[in-house]
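Residue numbers (our numbering), protein chains in the order written: chain A, 12 to 358; chain B, 8 to 244. We put the CB at the ideal spot given by N, CA and C, even for glycine. Model, not experiment: these values are computed from the prediction. Here is the structure we will look at.
Take a look at the structure:
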């Protein structure tokens, strides 16, 4: 391997790592607020790419059907549980949140598509369509077992991933897609060719993680999310509802996953089941950060991206094996070096 | 005086074990009421039920509203705030952020700045340490922060669980001075304490809880001179 090749591989790895970092940050966000390790995040990213591809082809994306079905299920569950608790007064608000709002999003997409919107508008539409999915899944799948152990939540989360892959096949079909390139620009940095796409990926990762930190530091809702992650009981005593904090965390996490899906769509062919490896690698990155630290998760994700890039140069068939094998020493190091978290002690 | 909060025939069970049996008590507007009793009498359990963190049977009325179907967050929004025994601070967040989160339940946050200044006036130590993480504070400062955070929510009834637990005598006195001063703010207080003497000196009315039941109640200045109580809790003369 020459220095030139190493530089190209490193740049490639950093770009891939930036995509993983977005998903990893979303994973940490959801885990700290809701204790759910949300494996389907990769699927959310893949679905965003498929949605954008359909919008590019001037078709109504399968996401519309998915959102409508999930919105109906979630609102039905919410209404039934409210009726059982005898709180019929809260029903209109629940229907508004779980049914009307997602349907409004669908309506906006449907209306806007009649005017042949330009690329940036299509990207916003794809993100808008993808964002309700995980909060709705949260209501349907995780809310009824919110007090279960982390292990049970993880098991359910894995099952949910397989269910989503099935739904993906149903709503998007088996064809792979590749979206229009976001930019054709390219430049030379110190003699190494860097594509505009790479720069865009890095910029997007920086902007979106930066926005998330501003949100955490400067808004009361952001602080409430951090508070819920740090101390659930304490947060409840301040009037912060864990379920509501969870919904906001899922919305933000979906946005991060959606952005990563849009960034990889022009460079990789995406199928309905392409999300799993993306989600898993982001998860590895998040584990390096101990599932608790955002900078740790981002660093871990960049590490995964770079290792994957070099591994695929050495042996493209074994690259995933190499990446996931490296998780073993990391897990050993983390379990030996770190203190057990409060919850592990309780359980 | 109007009734602020009343508990009627409330029982709380952990599985089959009843930790609190048939307890009734009430707090009037602007009153400081204390529940004293030995360790394990069910004092904390009673408060956890009052805030809604534990299920209970019986009736609880807060400002005329039945609390049966109101969850913890709903009770906080109505002005029923608990400062728990474990303080439950947000350890990695700054003192200022902890205080700001106290206002989360308020609809109108235009007075946040003033509330923050009031808390800093009351506890100047918190102002000095406002940028510091809550987890780095001393025990006394933590209790001040927990109290200050609850005051940021503009509570109508402040429920305090063992505010003096594990604190140095000097700080205990400061905490009780603060509790007494809440009267002038129109905040009612339900205070649970093992430090029976300090609690009765501060309170208007007192209840004695033993093995889950109220065995005695009366105006605080009567209880404090009761020979039986002096022998049991107040360290006999």
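Proximity of residue i and residue j at Cβ, strictly below 7 Å
| i | j | result |
| --- | --- | --- |
| residue 141 of chain B | residue 187 of chain B | no |
| residue 21 of chain A | residue 312 of chain A | no |
| residue 89 of chain B | residue 68 of chain B | no |
| residue 60 of chain A | residue 281 of chain A | yes |
| residue 1 of chain A | residue 307 of chain A | Outside the shown range of chain A (12 to 358) lies residue 1 of chain A, about which nothing can therefore be said. |
| residue 122 of chain B | residue 84 of chain B | no |
| residue 329 of chain A | residue 295 of chain A | no |
| residue 309 of chain A | residue 57 of chain A | no |
| residue 194 of chain B | residue 162 of chain B | yes |
| residue 19 of chain B | residue 52 of chain B | yes |
| residue 219 of chain B | residue 230 of chain B | no |
| residue 47 of chain A | residue 143 of chain A | no |
| residue 196 of chain A | residue 205 of chain A | no |
| residue 237 of chain A | residue 227 of chain A | yes |
| residue 198 of chain B | residue 206 of chain B | yes |
| residue 159 of chain B | residue 109 of chain B | yes |
| residue 183 of chain B | residue 143 of chain B | no |
| residue 166 of chain B | residue 247 of chain A | no |
| residue 211 of chain B | residue 39 of chain B | yes |
| residue 242 of chain A | residue 92 of chain B | no |
| residue 190 of chain A | residue 331 of chain A | no |
| residue 240 of chain A | residue 117 of chain A | no |
Residues near residue i by beta carbon distance below 7 Å, same chain, minus five either side
| i | result |
| --- | --- |
| residue 62 of chain A | 72, 74, 137, 140 and 141 |
| residue 200 of chain B | 41, 43, 169, 171 and 206 |
| residue 313 of chain B | Outside the shown range of chain B (8 to 244) lies residue 313 of chain B, about which nothing can therefore be said. |
Start and end residues, alpha helix (DSSP H) containing residue i
| i | result |
| --- | --- |
| residue 288 of chain A | 286-299 |
| residue 16 of chain B | No alpha helix (DSSP H) contains residue 16 of chain B, which is instead part of the beta strand (DSSP E) from 10-21. |
| residue 147 of chain A | 144-148 |
| residue 32 of chain B | Residue 32 of chain B -> not in any alpha helix (DSSP H); beta strand (DSSP E) instead, spanning 24-35. |
| residue 169 of chain A | 161-183 |
| residue 254 of chain A | 253-275 |
| residue 58 of chain B | 50-58 |
| residue 199 of chain A | Taken as a continuous stretch (DSSP letters only), residue 199 of chain A belongs to no alpha helix (DSSP H), being part of the beta strand (DSSP E) at 197-200. |
| residue 245 of chain A | 243-248 |
| residue 82 of chain B | 79-84 |
Proximal residues of chain E, C-beta to C-beta of residue i below 7 Å
| i | result |
| --- | --- |
| residue 111 of chain B | The chain inventory of the structure shown lacks chain E, comprising the protein chains A and B. |
Neighbour flag for residue i against chain A, beta carbons, 7 Å
| i | result |
| --- | --- |
| residue 241 of chain B | no |
| residue 80 of chain B | yes |
| residue 16 of chain B | no |
| residue 97 of chain B | yes |
| residue 148 of chain B | no |
| residue 108 of chain B | yes |
| residue 83 of chain B | yes |
| residue 89 of chain B | yes |
| residue 168 of chain B | no |
| residue 115 of chain B | no |
| residue 255 of chain B | Given a span of 8 to 244 for chain B in the structure shown, any question on residue 255 of chain B remains unanswerable. |
| residue 125 of chain B | no |
| residue 104 of chain B | yes |
Chain B within 7 Å of residue i, Cβ atoms only
| i | result |
| --- | --- |
| residue 244 of chain A | yes |
| residue 238 of chain A | yes |
| residue 241 of chain A | yes |
Opening and closing residue of the beta strand (DSSP E) in which residue i lies
| i | result |
| --- | --- |
| residue 42 of chain B | 39-43 |
| residue 220 of chain A | Note, residue 220 of chain A: premise wrong, no beta strand (DSSP E); alpha helix (DSSP H) at 207-229. |
| residue 66 of chain B | 64-69 |
| residue 46 of chain A | Per DSSP, residue 46 of chain A belongs to no beta strand (DSSP E) and is neither H nor E. |
| residue 90 of chain B | 87-90 |
Residues near residue i by beta carbon distance below 6 Å, same chain, minus five either side
| i | result |
| --- | --- |
| residue 18 of chain A | 203 |
| residue 217 of chain B | 44 and 48 |
| residue 244 of chain B | Residue placement at residue 244 of chain B cannot be trusted, given a pLDDT of 44 that sits under 50; the coordinates are not used to answer. |
| residue 23 of chain A | 320 |
| residue 232 of chain B | none |
| residue 224 of chain B | 214 |
| residue 179 of chain A | 283 |
Own chain partners of residue i with C-beta closer than 8 Å, once the 5 adjacent residues on each side are dropped
| i | result |
| --- | --- |
| residue 109 of chain A | 82, 85, 86, 89, 147 and 150 |
| residue 139 of chain B | 101 and 102 |
| residue 157 of chain B | 88, 89, 90, 109 and 165 |
Problem set entry | alpha helix (DSSP H) runs contained entirely in the segment 87-134 of chain A, provided each spans 4 or more residues | 102-106 and 112-123
Exercise. Can you give, in chain order, each stretch of the alpha helix (DSSP H) that sits fully within the segment 158-244 of chain B and has at least 4 residues?
Worked result: If we require 4 residues or more, the alpha helix (DSSP H) runs fully inside the segment 158-244 of chain B come out as 176-188, 203-209, 227-230 and 234-239.
Problem set entry | Ordered list of beta strand (DSSP E) runs contained in the segment 302-340 of chain A, each at least 3 residues | none
Problem set entry | Minimum length 3: unbroken beta strand (DSSP E) runs contained in the segment 106-135 of chain B | none
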